[in-house]
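Contents: one structure, followed by commentary.
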């Protein structure tokens, strides 16, 4: 039996390599073209000889190295994505001159959060500069946690064993020039929604290792694709240093998964005092910041990165106050928000209703 059509359960996603190129897996792991011709023998998936010998990516090496060629991930059966758009069978995406920007909003509050208030002006500026933009709200998608089974490296290179929205998300990534990662600051890094996406992006690198400038990295699986990354975040704390772990995460990940050459960080918009964006009466005071976000979006399209002059504006604090005064103001706001939340009748609570809006 070559394929399983049901959605795999959590217990279905454990694989480990065995001799002669197979893997001992539960049913439902392998899917897509790489699973065709595979057989199950006492719980062991045995792939066709050409897949075991060369791997899916190398097997397609005779295909043209087009600017947007994404390897076997694009050579999949047709279907529809989350918006109902048809995805043609066997297509090879070609990226034209127009910059393609794919943004991920990892806020649990999606369109209602403060992260969105920063992300959308940036994308507006990029669109005004001629880019095509798209935003995916990770809370609304089905992205399972990485199981660490290494099937995407050992069994079906470039194809994940988990069948969920990440399949077509990877296709969109490979058709994009710029990836924007937006998330509120959670435990000094990204939200759980965005972390799940980043973990699953290990599929973009190979399992092999190489040394670049004295540092060990993974070679890219799709060397014809180069990206620029933009990171957007906000936090309740005012100081810039709270973002240092997040900044280090993306810089190290971009280096390691891109083989040291495939990914360039085009800029970061990391905003302290972000909770001020949740106060409607305060928003008119920050027009200068939102204008700078639009300017940054245009610069990423035109210049390839946020310019130092615009970055300096983006880094300006929203309020010119010291830490003691800011803490006092914040505590007053939190006290009012708690009273409002507790005044709601049982059953009237908002989904994920809290005093903050990430």
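Numbering (our numbering), first residue to last: 1401 to 1758.
Just so you know, even glycine gets a beta-carbon here, dropped at the ideal spot from N, CA and C.
- Query: Going by Cα to Cα distance, which pick from 1640, 1637, 1635 and 1656 is closest to residue 1601?
  - Reply: 1656
- Item | Beta-carbon gap between residue 1352 and residue 1654 smaller than 8 angstroms | With the chain represented from 1401 up to 1758, any question about residue 1352 goes unanswered, as that position is not in the structure.
- Helix or strand or just coil, what does DSSP make of residue 1543? coil
- Mind reading off the beta-carbon distance from residue 1666 to residue 1705? Whole number of angstroms is fine, and I expect it under 8 angstroms. 4 angstroms
- Query: Taking all protein chains shown into account, do 16 or more other C-beta atoms lie within 10 angstroms of the C-beta of residue 1558, making it buried, or fewer, making it exposed?
  - Reply: buried
- Query: Counting Cβ pairs closer than 8 angstroms, one from the segment 1691 to 1706 and one from the segment 1511 to 1523, do we hit at least three?
  - Reply: yes
- Item | Member of 1568, 1548 and 1645 whose CA lies at the smallest distance from the CA of residue 1590 | 1645
- Do residue 1718 and residue 1683 come within 8 angstroms of each other at the CB atom, strictly closer than that value? no
- Message: Would you call the segment 1497 to 1513 in contact with the segment 1527 to 1537, where contact means no fewer than 3 C-beta pairs closer than 8 angstroms?
- Response: yes
- Task: Identify, in the order they occur along the chain, each residue of the same chain with its Cβ nearer than 6 angstroms to the Cβ of residue 1400, setting aside the five sequence neighbours on each side.
- Result: Within the shown structure, residues of the chain are numbered from 1401 to 1758, placing residue 1400 beyond reach of any answer.
- Within this structure, are the beta carbons of residue 1582 and residue 1701 separated by less than 8 angstroms? no
- Item | Ranges of the beta strand (DSSP E) found wholly within the segment 1583 to 1670, counting only runs of at least 3 | 1610 to 1612, 1615 to 1617 and 1627 to 1634
- Would you mind working out which of 1659, 1593, 1660 and 1587 sits nearest residue 1637, comparing C-alpha positions? 1587
- Of the choices 1500, 1550 and 1599, whose alpha-carbon is the least far from that of residue 1578? 1500
- Rounded to whole angstroms, how far is the Cβ of residue 1659 from the Cβ of residue 1618, which I believe are closer than 8 angstroms? 6 angstroms
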